[in-house]
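Participant: There's a structure below that I have some questions on.
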Amino acid sequence: MTDPGTTLLDTPDTATFRAAMGAFPTGVTLLTQGSGDGTIVMTLNSLASVSLDPLLILVSVKKDGRMRPRIRRGGGYAVNVLGEQHRDLSSEFARPDRPEGQRAMTRIGAVEGTTGDAVVPSAVAAFECRLETEYEAGDHVLLIGRVVAVHRAPDAARPLVFHQGRYTRLSATGETA
C-alpha cells in the first residue's frame with residue numbers, strides 16, 4: 001500500500017532515482033591515493049562500514065574513472081571524512097579538473113599516512129586501507145578496504161553532511177533517542 005503523498009514508479013528513471021537517493025543524508029569524504037607528486041583525490045559520499053572482524057570499509061568509484069586503476073596499482077587508499085570547514089574542498093574535488101599531485105596535497109593540507117596515501121589531519125576521521133577486493137556493480141566498482149590505520153579528530157568536530165542536493169548541518173541539540 002502506498003501513502004497518497006508518495007509516487008510509485010514501476011520503472012524508475014535515473015533522475016527519479018537520484019532525487020529519491022537524495023533523501024538519504026550522507027557524510028562527505030575525500031578519497032585519496034598516493035602522496036606527493038603522485039597524489040590523486042576525489043570527493044566521495046559512498047562510504048560504508050562492512051565488518052569489525054576484520055576491519056573493512058566499502059567505497060564506490062566509477063568503473064572507468066581515474067581512481068580505480070590508481071588504487072589497483074597502489075594497493076590501497078585513504079578515506080578522509082570531511083568536517084563542516086571543508087565545504088570548499090568537497091566542491092573543488094568533485095570537479096573533473098580537480099588538482100592532482102603536490103598541488104592537491106597542499107590544497108587539502110595532507111600529510112603522507114602510514115600506508116603512503118594522503119591523509120588530511122584536519123579531517124573528522126580518516127581511514128587508511130589496503131585494497132582487500134573489488135566488485136563490479138553497474139557503472140561503478142565497490143572497493144573493499146582493510147583498515148590498517150584510523151585517525152580521529154576531537155569529539156567536538158562536526159562532519160560535513162550532504163542531503164537533497166545541498167550541504168546541511170546536524171542539529172546541535174545533542175538529543176538522543
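Residue 98 in UniProt numbering is what sits at position 98 of the sequence shown, and the numbering runs on without skipping anything. For glycine and all other residues, C-beta sits at the position ideal for the given N, C-alpha and C. Please read these numbers as outputs of a predicted model, since none were measured by experiment.
Please list, in chain order, all residues of the same chain as Val124 whose beta carbon is under 6 Å from its beta carbon, the five residues on each side excluded.
Facilitator: Answer for Val124: Val81, Gly83, Ala153, Ala157 and Pro159, listed in chain order.
Participant: Nearest to Ile108 by CA position, among Met42, Phe24 and Gly22, is which residue?
Facilitator: With distances taken between Cα atoms, Ile108 lies closest to Met42.
Participant: Which ranges would you report for the alpha helix (DSSP H) in the UniProt domain "Flavin reductase like" (21-169) if only whole runs of at least 4 residues count?
Facilitator: Whole alpha helix (DSSP H) segments, 4+ residues: 67-74, 87-92 and 101-108.
Participant: Confirm, please, whether the CB-CB distance from Thr32 to Asp117 is below 7 Å.
Facilitator: A contact, by the Cβ cut-off of 7 Å.
Participant: Helix, strand or coil for Thr14? Go by DSSP, reduced to three states.
Facilitator: Three-state result, Thr14: helix.
Participant: Which residues in the same chain have their Cβ closer than 7 Å to the Cβ of Ser46, if we skip the five residues on either side of it in sequence?
Facilitator: Answer for Ser46: Val59 and Ser60, listed in chain order.
Participant: Looking only at C-alpha atoms, which of Gly101, Lys62 and Met21 sits nearest to Gly34?
Facilitator: Nearest C-alpha to Gly34: Gly101.
Participant: Identify which residue in Gly36, Ser91 and Pro54 has its Cα closest to the Cα of Val119.
Facilitator: Closest by alpha carbon: Gly36.
Participant: At the level of alpha carbons, what is the spacing between Thr26 and Glu132?
Facilitator: When rounded, the distance between both Cα atoms is 24 Å.
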